[in-house]
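So the sequence shown is residues 221 to 484, counted in the numbering used here. Note that CB positions come from ideal geometry on N, CA and C, so glycine has one too. Owing to the predicted nature of the structure, the values given are computational and were not obtained by experimental measurement. Quick notes on the structure that follows.
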Amino acid sequence: MASRHVGSVVEGTRRSVAEVVAEVSPDTAERLAVRPGTSVSRRPAALVAALAIGGVIAFLGSHALQPAAAEPVEVAALLAADSSLIDEEAALMPQSSISEAEARERLAEVAAARAERKAREEEAAAAAAEAARPKVVAPLDSYRLTSGFGSRWGTTHWGVDLAAPMHTPEYAVEDGVVLRAGAASGYGLAVYILGESGDVTVYGHMDKIQVTAGDVVEAGDQIALLGNRGQSTGPHLHFEVHSGGLEGKRVDPVTWLAARGVDL
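Structure below.
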């Protein structure tokens, strides 16, 4: 825009100079002409006028020929940054969409999948815990074997006696179901448990029973507190094993436990 304006100004200036030259009369031109031997100092006014006209033309011409100034670097950088931001915003715009109903359905599917996965994980954890759980344990944590299985004082002792302080916790030796729990002749109090092995274990002389008939127990579950009831000479647990059921053959508890990895 500036170049066109300057060009028009220069063109107008050139026409003005031409018109000025055309208006000079022959007499004036003759006076301005340089004659041999004539001193330049005699034509100061004409010379000044010519120089002035030439200076104007030179000034306008030099400005018209100059190229437009380069765009400032700062402006170019800002334009480039704006263009980059526009491209980034366009890239971030959503390219697709679904309805709210479809989104809710998808959320329900995700929730169901998570619940199923959680159930599988819990099932796997339970299976691992069950595999790690001992299937047979000793009936007491700490004790002293005071009487073994077999003949004793002219009779047969059908179990083992394990001495311990009063109210020492007593445990079911294997998984099973409580057959009987309560008063028992000679034992004072007794608990009978039918185990998964098919054998019945008997616990006698306890001071307090903590299970009832029909309870399902696991190996290691507390069933009573050790005592001194019935025909007893001191706090202890009388422990028996009936092979194959309540009316089955009574066997040595030490041997029975040892066969299952537990030493008394």
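Query: Cβ-based neighbour list, Ala269, same chain, cut-off 7 angstroms, excluding 5 preceding and 5 following; Result: Low confidence applies to Ala269: its pLDDT is 44, below 50, so where it sits in the model is not reliable, and the reading given next is rough at best. Within the same chain, Ala269 has no close Cβ partners at all.
Query: Residue span of the alpha helix (DSSP H) that contains Pro389, given as start and end; Result: Note, Pro389: premise wrong, no alpha helix (DSSP H); beta strand (DSSP E) at 389-391.
Query: Helix, strand or coil at Arg324 according to DSSP, with G and I counted as helix; Result: helix
Query: Neighbourhood of Pro354 by C-beta distance below 8 angstroms, restricted to the same chain and skipping five residues each side; Result: Ala439, Gly440
Query: Straight-line gap, Ala351 to Leu484 (C-alpha atoms, nearest Å); Result: 23 angstroms
Query: Candidates Asp381, Tyr412, Gly468: closest to Thr453 by CA position; Result: Asp381
Query: DSSP-derived helix/strand/coil call for Ala404; Result: strand
Query: Check whether Gln442 and Tyr391 have beta carbons under 8 angstroms apart; Result: yes
Query: Rounded C-alpha distance that separates His458 from Thr366; Result: 10 angstroms
Query: Gly481 and Gly418 closer than 8 angstroms at C-beta; Result: no
Query: Of the residues Gly374, Pro385, His387, Tyr423, the one placed nearest Val398, counting alpha carbons only; Result: Tyr423
Query: Closest Cα partner of Pro170 within the set Met426, Gly468, Ala339, Arg337; Result: The first residue shown for the chain is 221 and the last is 484, placing residue 170 beyond what the model contains.
Query: Span of the beta strand (DSSP E) around Thr366; Result: 364-367
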